[in-house]
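Residue numbers (full-length UniProt numbering): 1 to 377.
A virtual CB, placed ideally from N, CA and C, is assigned to each residue, including glycine.
If you're wondering where the values come from, they're calculated on a predicted model, not measured in any experiment.
Reading through the structure tokens given below for one structure.
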Amino acid sequence: MDLEITKSKLLKLYPTAQNRAQFKHWMTVSRYVYNATIALLRDYEGAKPSWMDIKKMFTRLLPAWTKDTPFQIKGTAIKDAHNAFWKTCKANKGSGKPATFRFRSRKDPIQSCFIPKTAISNKGIYPQVSGKGLGYAESLPESFRDSRLVWKAGKFYLAVPTKHLVPYGENQALGVVAIDPGVRTFATFYSTDSCGLIGSGDFSRIQRMAHYLDDLLSRASKAGKQKKKRMLLAGLRMRQKVQNLIDELHHKAALFFVKNFDCILLPTFETSQMVGRAGRKIRSKTVRNLLTFAHYRFKQFLKNKAFEYGKTVLDVCEAYTSKTHPKTGEIKQIGGAKRIRLLSGDWVNRDVVGARNILLRALVDIPHVFNVAVNES
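Structure follows, in structure tokens:
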């Protein structure tokens, strides 16, 4: 049985000077309308108006410089602000503290605005308003839904949601795998018939880029106004490049796991507790590497991909798994050592030992869940 899912595809745009100016103007108007709606709801006395009432009200009250922006862009900004306002109120309900509402800033690294699907064509986005000549890096999907125009790191993109049919994975008795996330190596896996390292040594390139980014931002703080603006934009592009490399690592690793295993054991890996300044045992360099790998984001992506393929991801405990000797079961204080010595005198990678012990511990801690995951997934 196939599973129908909705995915958002990010299409890179190549706008003309006229397109670029118009897109920036739309985002400015969308941000202005969003912030005005938040301020109106925050200060409104009595029963709050619905977003449709605000939409009718703003038709008359918005300044003249917003009139040339398509009304659907402004209307959706009002609806988004209305939803965000009540979501914040609901989250703060019962806390006893006044709700704090966040306004959108023109300095946010990512800006976006709503674009209806009827306004998108091969000729451009609202071509009669923004002008023709807009280029797409890829062809538009045959069928898509309402989209968003996105600006980040000086580039424009179109986030296009499309529906896909994914063949729901059947139980092929592919087995179980344990993953040990780390800093030197992004992930180490161990199963009944194989083991390996993913992303081993890949961080050296990212580390060089991070060092260059630090130097760039240091020089930008001493530069003039125009040069500083260009250097900060270059910094955004560098950050985006690093994030793209990490995303590629996440996507390839997740696809490998869901295609080759039925049950995936993933430790909770409390990154926020490990990087906190109070009482942490790792240096700032290690903290930066740990946060750059974005293990929590990988977990979310892996769970989503496992849902698509009909696989199972279980959160397990990894306490003492790297310190436990694989033969004797002793807990050894190995510190930052890369390898563990076996009784035979041979040396083995500590991450492989950790992944193996995670698998063995899961068999003891949650045997009933393990059986269900393998036999009935």
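In its chain, beyond the 5 residues on either side, Arg106 have a beta carbon closer than 8 Å to the beta carbon of Thr28.
Excluding sequence positions up to five before and after Leu217, its CB lies within less than 7 Å of the CB of Gly235, all in the same chain and listed in chain order.
When beta bridges are read from the DSSP output, Gly124 appears opposite Ser121.
For Ala210, there is no enclosing beta strand (DSSP E); the residue is part of the alpha helix (DSSP H) that begins and ends at 203 to 220.
Cys317 sits in coil when the DSSP states are folded into three classes, being neither helix nor strand.
In this chain, the beta strand (DSSP E) harbouring Phe186 covers 185 to 191. Straight-line spacing of the CA atoms in Met231 and Asp214 works out to 12 Å. Under a 10 Å Cβ-count criterion, Ile5 is classified as exposed, with fewer than 16 other Cβ atoms of the shown protein chains found around its own Cβ.
Residue environment: Asp80 is assigned as buried (16 or more neighbouring CB atoms within 10 Å of its CB, all protein chains considered). Counted as a single uninterrupted DSSP element, the stretch harbouring Ala153 is not any alpha helix (DSSP H), since DSSP gives it neither H nor E.
For the pair Phe307 and Asp262, the Cα-to-Cα distance works out to about 11 Å.
Under the Cβ criterion (8 Å, minimum of three pairs), the stretch 90 to 105 does not count as touching the stretch 123 to 135. Relative to Ser143, the option among Val129, Phe156, Ile120 whose CA is nearest is Ile120. Counting along the chain, the unbroken alpha helix (DSSP H) around Ser30 starts and ends at 17 to 43. The DSSP-derived three-state label of Ala81 is helix. Per the coordinates, the alpha-carbon of Ser8 lies some 14 Å from the alpha-carbon of Asn304. Straight-line spacing of the CA atoms in Val176 and Ile264 works out to 6 Å. Closest in alpha carbon position to Asp193, among Thr88, Ser139, Pro161, Arg356, is Arg356. According to the DSSP secondary-structure assignment, Leu3 is paired through a beta bridge with Val166. Here Pro181 is buried. Its C-beta has 16 or more other C-beta atoms within 10 Å.
One thing to note: Phe156 has its Cβ no nearer than 7 Å to the Cβ of Pro70.
For Gly182, the three-state secondary structure derived from DSSP is coil. Apart from the 5 residues on each side of it in sequence, Ala137 sits with its Cβ closer than 8 Å to the Cβ of Leu11, Lys12, Leu13, Tyr14 in its chain, given in chain order.
The shortest CA-to-CA distance from His295 to any of Asn260, Arg239, Phe58, Leu249 is the one to Leu249. Leu165 has its alpha-carbon roughly 5 Å from the corresponding atom of Leu3. Around the CB of His82, 16 or more other CB atoms lie within 10 Å, so the residue is classed as buried. Per DSSP, Thr100 has no beta bridge partner at all.
Per DSSP, Leu134 lies in no beta strand (DSSP E) and is assigned neither H nor E.
Spatial neighbours of Ile78 in its own chain (CB-CB distance under 8 Å, excluding positions within 5 residues in sequence) are listed in chain order as Val33, Tyr34, Thr37, Trp51, Ile54, Lys55, Phe58. Comparing C-alpha distances from Pro161 to each of Val313, Phe301, Ile115 shows the shortest one belongs to Ile115.
Contact between Cys195 and Arg148 is ruled out by a C-beta separation of about 42 Å, above the 8 Å threshold. Excluding the 5 residues flanking it on each side, Ile206 has same chain C-beta neighbours closer than 7 Å at Val242, Leu245, Thr292, in chain order.
With at least 16 other beta carbons inside 10 angstroms of its own, Trp151 counts as buried. Around the Cβ of Val352, a 10 Å sphere holds 16 or more other Cβ atoms; the residue is buried. Distance from the CA atom of Gln300 to the CA atom of Phe103, rounded to whole angstroms, is 27 Å. Collapsing the DSSP output to three states places Ala306 in a helix.
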